[in-house]
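Here my numbering is used: the first residue of the sequence shown is 2, the next is one more, and so on.
Glycine included, each C-beta is placed from N, C-alpha and C at the ideal position.
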Amino acid sequence: MNAPTTAGMLQALPAEHRHRLLRSAREVSFPQGARLFEEGYRADRFWVVRTGGVDLDLRVPGRRAAVIETLGPGELVGCSWLFAPHYRQLGAAATSPVRAYEFDATAVRSMCRDDPALGTSVAQWVGGVLVHRLRSARTRLLDLYAPYGSGSTL
Numbered sequence: 002m003n004a005p006t007t008a009g010m011l012q013a014l015p016a017e018h019r020h021r022l023l024r025s026a027r028e029v030s031f032p033q034g035a036r037l038f039e040e041g042y043r044a045d046r047f048w049v050v051r052t053g054g055v056d057l058d059l060r061v062p063g064r065r066a067a068v069i070e071t072l073g074p075g076e077l078v079g080c081s082w083l084f085a086p087h088y089r090q091l092g093a094a095a096t097s098p099v100r101a102y103e104f105d106a107t108a109v110r111s112m113c114r115d116d117p118a119l120g121t122s123v124a125q126w127v128g129g130v131l132v133h134r135l136r137s138a139r140t141r142l143l144d145l146y147a148p149y150g151s152g153s154t155l
């Protein structure tokens with residue numbers, strides 16, 4: 002996990018864009034065990050974790066939801082807000098008390114449309130997070146369900 006700052010965002014976005022986004026954020030908190038969102042629901046907001054942890058999970062028919070990744074300080078929670086049709090691909094739950102910056106997805110998409118440089122920075126940031134999450138999901142699901150774990154070839 003990153004240091005207790007917006008480290009992931011700090012590294013991914015130029016200072017001007019980061020400050021602009023943070024000006025539109027509001028601070029929120031979630032108690033341990035709270036569900037931030039469910040898979041399949043509308044993605045109308047996203048968060049950057051300030052403190053605490055959030056599990057991303059995936060429903061698996063006939064089984065308990067599989068935890069794909071645990072996120073910590075500085076990490077982005079929610080990626081589906083940027084790409085149509087704006088529905089969640091995963092669920093998320095607080096594993097400890099969480100403090101986070103919350104962003105209104107519609108407002109941020111509008112900011113990105115109005116400022117192409119900001120839009121490019123945000124798209125690269127979220128795209129990088131998605132690539133990492135896909136790798137994590139593949140590895141985790143292979144560990145959980147493949148006959149010989151992630152080392153096997155299917």
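{"Check": "Is G54 closer than 7 Å to T1 when the C-beta atoms are compared?", "Outcome": "The chain is shown from 2 up to 155; residue 1 falls before or after that span and cannot be answered."}
{"Check": "Out of T140, S81 and R139, which one is the CA nearest neighbour of F47?", "Outcome": "S81"}
{"Check": "Compare the C-alpha of D58 against each of P74, V50 and L37 and name the closest.", "Outcome": "L37"}
{"Check": "At which residues does the alpha helix (DSSP H) containing A26 begin and terminate?", "Outcome": "Unbroken run through A26: none, as it is neither H nor E."}
{"Check": "For the alpha helix (DSSP H) that G1 lies in, which residues bound it at each end?", "Outcome": "With the chain covering 2 to 155 only, the question about residue 1 has no answer from this structure."}
{"Check": "Can you name the residues that DSSP bridges to F104?", "Outcome": "F47"}
{"Check": "Nearest to R51 by CA position, among A35, R65, R27 and E39, is which residue?", "Outcome": "R27"}
{"Check": "Measuring alpha carbon to alpha carbon, tell me which of A101, A66, G63 and F84 ends up nearest G73.", "Outcome": "A101"}
{"Check": "Let me know if L135 comes out buried or exposed under the rule of 16 or more other beta-carbons within 10 Å of its beta-carbon.", "Outcome": "exposed"}
{"Check": "Per DSSP, what are the beta-bridge partners of Y88 in this structure?", "Outcome": "R43"}
{"Check": "My guess is that A94 and G41 are in contact by the Cβ rule of under 8 Å, so how many angstroms apart are they, rounded?", "Outcome": "With 8 Å as the limit, A94 and G41 do not qualify as a contact, their Cβ atoms being about 15 Å apart."}
{"Check": "Mind checking which residues open and close the beta strand (DSSP E) that includes A67?", "Outcome": "A67 to L72"}
{"Check": "To the nearest angstrom, report how far apart A118 and R64 are at their CA atoms.", "Outcome": "43 Å"}
{"Check": "Among all the DSSP beta bridges, which residues are the ones paired with R36?", "Outcome": "A94"}
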